Amino acid sequence: MNKKLISLSLALALTFTSFPIINVQAAKKSTRQSRKITSTRRITKTRKTVKKNLKRSASRGRIYSRGSGSVLAEGNVSELINIALSLQGIRYRYGGTTLNGFDCSGFTQYVYRQIGVNIPRTASEQAQVGLAVSKESLRPGDLVFFETVRAGISHVGIYIGNGQFIHASSGSSYKVKISDLNSSYYKPRYRGAVRIIK
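All letters in the sequence shown, in the order written, are residues -26 to -1, 1 to 172 by mature numbering (1 follows the signal peptide of the UniProt record, and there is no 0).
Listed below in structure tokens is the structure:
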């Protein structure tokens, strides 16, 4: 009977002392797995953020306007510039394509239409037509493009010479106006130019 009691006591002692060891090991394992999962999530999230930022920064600062490789039409550049200048002061209107108000690409499309040349509606589409020209080779009448509100071409104007262009500005003035290509705002945002008429 004494042997049975000792065996039972020993069995109980072993059982109770082994539980905490198993639980501690299980807890350690669980904590390690939890840390690993959290760490993996952080790494994955960081990779996604870095990838997203790289994608953004890779698209910013590129020269986008490639043109179609050929000049579209013949036209009177002096007449084009005079028409554009006569529209100074007309208010900016998002989506506008008439004398009641222009957005940037609506303005350029309207001016070109007045001399019988049809160009696409949006700034990014306008950058895909005509002959791509370097900043150093700009001539009056060329379309100049900028990356302003989002990645990619989002603004367009008509080069008028002497480092200036005319455009429908959505900035503080909200109207058709003349700006300097080398201003602190437009110089770093310049993304290329195309020649539409000979």
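All residues carry an ideal CB built from backbone N, CA and C; glycine is no exception. Because the structure is a prediction, the values reported are computed rather than measured.
- Query: Can you give the Cα-Cα distance for residue 242 and Q102, rounded to whole angstroms?
  - Reply: Any question about residue 242 goes unanswered here, given that the chain covers just -26 to 172.
- Item | Burial state of E48 (16 or more Cβ within 10 Å) | E48 counts as exposed, since fewer than 16 other C-beta atoms from the protein chains shown sit within 10 angstroms of its C-beta.
- Task: On a CA-only basis, which of G135, I89, R165, G115 is nearest R124? Give me that one, please.
- Result: If we check each option's Cα against that of R124, R165 comes out closest.
- Which of the three DSSP states, helix, strand or coil, is assigned to V85? DSSP, read as helix, strand or coil, puts V85 in helix.
- Message: Looking only at its chain, what residues have a beta carbon closer than 8 Å to the beta carbon of Q138, apart from the 5 residues adjacent to it on each side?
- Response: Correct list, in chain order: I152, S153, D154, L155.
- Query: Contact between the stretch 117 to 134 and the stretch 71 to 83: three or more CB pairs below 8 Å?
  - Reply: Touching, yes.
- Per DSSP, the bridge partner or partners of R169: Beta bridge pairing from DSSP links R169 with L105.
- Please classify G104: is it buried, with 16 or more other beta-carbons within 10 angstroms of its beta-carbon, or exposed? By the 10 Å Cβ count, G104 comes out buried.
- Item | Span separating the alpha-carbon of L73 from that of S143 | Between L73 and S143, the C-alpha separation is close to 15 Å.
- Task: Mark Q83 as exposed unless 16 or more other C-beta atoms lie within 10 angstroms of its C-beta, in which case mark it buried.
- Result: Looking at its Cβ environment, which holds 16 or more other Cβ atoms inside 10 Å, Q83 is buried.
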